[in-house]
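Same order as they appear, the protein sequences are chains A and B. Per our numbering, the very first residue in the first sequence carries number 1; after that it's consecutive. Per our numbering, the very first residue in the second sequence carries number 179; after that it's consecutive.
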Amino acid sequence: MNFAIAIHGGAGTIRRQFMTPEKEAEYRAGLAESLEAGYGILRHGGSALDAVMKAVIAMENNPLFNAGKGAVFTHEGTNEQDACVMDGSTRAVGAVAAVKHIASPVTLARMVMERSKHVLLCGEGAERFAVANGMTLVEPEYFYTKQRWDQLQLALKEEAREHKQEAQLDHSDHKKMG
Amino acid sequence: TVGAVALDNHGNLAAATSTGGMTNKRYGRIGDTPIIGAGTYADNATCAISATGVGEFIMRAVLAHDIAALMQYKNMTLADAANLVVMEKLTALGGSGGLVAIDWDGNIVMPFNSEGMYRGYKLADGTGEIAIFKD
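If you want it as structure tokens, here you go:
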């Protein structure tokens with residue numbers, strides 16, 4: 001028996017000083033749930049492909065992580081997601097980009113891999129493909145979390161402040177025109 | 179971003195990644211996750227990889243396939259190839275992030291050059307680990 005699984009839940013915005021013991025416990029529980037979901041598939045003789053799907057879907061369904069429910073907001077206040085899955089035994093692969101109404105983008109990526117002759121579908125076309133293959137679209141509210149919305153508001157404020165400061169500085173990069 | 183890599187009892191590898199992208203992104207920006215060979219890659223001959231971090235740098239590094247190529251053409255181990263690509267190449271580009279990877283023999287590596295990376299692994303014998311920061 002030689003099987004194993006490894007997962008990640010992102011690396012971009014982790015700051016030790018903002019990590020409370022309670023928050024850390026929540027993340028560890030979320031990671032453990034994902035790990036066990038994938039591990040369970042492997043332990044019962046299932047495929048690596050099914051295992052990584054199960055592990056990723058568990059995190060897509062967990063609002064703590066930036067994927068599926070809990071995805072971050074774009075500048076326009078929408079949620080726009082990307083996903084990919086690849087089978088090492090055949091090098092078959094499926095991916096989707098910029099989808100806005102898909103609860104589990106990785107599930108749609110697998111659908112692209114298994115039910116289309118293409119590798120990567122994006123935007124409205126990807127969502128039409130999802131509907132044509134029986135997947136139900138979700139309303140944008142499905143992805144909303146207060147934490148992610150507050151992060152966007154903070155980012156917009158910082159952006160506005162930076163633009164204001166730049167406008168007041170003679171040495172702004174935007175004014176270096178040669 | 180979230181992701182997973184696995185080796186099953188039949189010797190098959192797989193990788194999957196899913197992401198909401200970056201806060202406040204515009205213009206239909208797409209990151210490395212759905213770009214095959216950048217943020218996600220799997221090949222039974224070498225390894226399976228799922229990456230996370232600043233997508234623009236991971237795409238420019240063609241991070242995942244670079245590791246597989248070093249294993250295939252230079253006979254490097256997964257650990258050596260992943261460390262070279264993440265800790266040297268990605269860092270030199272100015273990129274921040276990391277990845278989880280597993281090879282055909284079940285070896286797992288999880289290198290990152292950011293402050294932390296939510297991560298975990300579990301082996302057939304039930305041993306494993308969940309971690310967030312470097313220590």
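All residues carry an ideal CB built from backbone N, CA and C; glycine is no exception. Note that this is a predicted model, so its numbers are computed, not measured.
When the Cα of residue i is compared with those of the options, which residue comes out closest?
i	options	result
residue 61 of chain A	A/31, A/48, A/89	A/31
residue 199 of chain B	A/19, A/10, A/162	A/10
residue 43 of chain A	A/148, A/139, A/2	A/2
residue 310 of chain B	B/234, B/275, B/214, B/252	B/275
residue 93 of chain A	B/219, B/189, B/202	B/219
residue 180 of chain A	B/285, B/252, B/202, B/250	Residue 180 of chain A cannot be examined here, being either before or after the span of chain A that is shown, 1 to 178.
residue 233 of chain B	B/306, B/207, B/301	B/207
residue 255 of chain B	B/242, B/277, B/281, B/231	B/281
residue 65 of chain A	A/27, A/15, A/111	A/27
residue 144 of chain A	A/23, A/63, A/53, A/22	A/63
Got a sec? Which residues, its chain only, sit under 6 Å from residue i by beta carbon, not counting five neighbours each side?
i	result
residue 180 of chain B	196
residue 152 of chain A	73
residue 122 of chain A	97, 98
residue 217 of chain B	195, 210, 211, 229, 236
residue 260 of chain B	245, 279, 287, 289
residue 81 of chain A	71, 99, 105
residue 115 of chain A	133
residue 46 of chain A	none
Leaving out five residues before and five after residue i in sequence, what residues of the same chain have Cβ atoms less than 8 Å from its Cβ?
i	result
residue 137 of chain A	101, 102, 127, 130, 131
residue 265 of chain B	289, 291
Looking only at its chain, what residues have a beta carbon closer than 7 Å to the beta carbon of residue i, apart from the 5 residues adjacent to it on each side?
i	result
residue 239 of chain B	263, 267, 268, 271, 273
residue 176 of chain A	Low confidence applies to residue 176 of chain A: its pLDDT is 47, below 50, so where it sits in the model is not reliable, and the reading given next is rough at best. Result list for residue 176 of chain A: empty, nothing under 7 Å.
residue 5 of chain A	35, 38, 39, 42, 51, 55
Would you mind sorting residue i into buried or exposed? The rule is 16 or more other CB atoms within 10 Å of its CB.
i	result
residue 182 of chain A	Absent from the model: residue 182 of chain A. The displayed extent of chain A is 1 to 178, so no value can be given.
residue 161 of chain A	exposed
residue 289 of chain B	buried
residue 20 of chain A	exposed
residue 17 of chain A	exposed
residue 224 of chain B	buried
residue 69 of chain A	buried
residue 67 of chain A	buried
residue 222 of chain B	buried
residue 77 of chain A	exposed
residue 294 of chain B	buried
Measure the C-alpha to C-alpha separation of residue i and residue j and round it to an integer number of angstroms.
i	j	result
residue 109 of chain A	residue 165 of chain A	43 Å
residue 179 of chain A	residue 283 of chain B	For chain A, the structure presents residues 1 to 178; residue 179 of chain A sits outside this window and is missing.
residue 182 of chain B	residue 296 of chain B	12 Å
residue 244 of chain B	residue 191 of chain B	17 Å
residue 187 of chain B	residue 158 of chain A	50 Å
residue 25 of chain A	residue 88 of chain A	33 Å
residue 117 of chain A	residue 79 of chain A	27 Å
residue 308 of chain B	residue 299 of chain B	7 Å
residue 56 of chain A	residue 106 of chain A	7 Å
residue 277 of chain B	residue 242 of chain B	9 Å
residue 189 of chain B	residue 205 of chain B	41 Å
Cβ-based contacts, 9 Å cut-off: residues of the stretch 65-81 of chain A near chain B:
Listed in sequence order: 65, 66, 67, 68, 70, 71, 72, 73, 74, 75, 76, 79, 80, 81.
To be precise: take each residue of the stretch 246-264 of chain B, compare its Cβ to all Cβ atoms of chain A, and keep it if any distance is under 9 Å. Which residues remain?
none
Residues of the stretch 122-152 of chain A whose Cβ lies closer than 9 Å to any Cβ of chain B, in chain order:
122, 123, 143, 148, 151, 152
Interfacial residues, the stretch 88-112 of chain A to chain B, with Cβ spacing under 7 Å
Within the stretch 88-112 of chain A, the residues whose Cβ lies closer than 7 Å to some Cβ of chain B are 88, 89, 91, 93, 95, 96, 97, 98, 105, 106, listed in chain order.
With 8 Å as the limit, tell me which residues of the stretch 2-18 of chain A have their beta carbon closer than that to any beta carbon of chain B; keep them in chain order.
2, 3, 4, 5, 6, 7, 8, 9, 10, 11, 12, 14, 15, 16
Can you list, in chain order, the residues of the stretch 33-49 of chain A whose Cβ is nearer than 9 Å to any Cβ on chain B?
Answer set for the stretch 33-49 of chain A: 34, 35, 36, 38, 39, 41, 42, 43, 45, 46, 47, 48, 49.
According to a CB-to-CB cut-off of less than 7 Å, which residues of the stretch 284-303 of chain B neighbour chain A?
The stretch 284-303 of chain B vs chain A, Cβ under 7 Å: 284, 286, 288, 290, 292, 293, 294, 295, 296, 297, 298, 299, 300, 301, 302.
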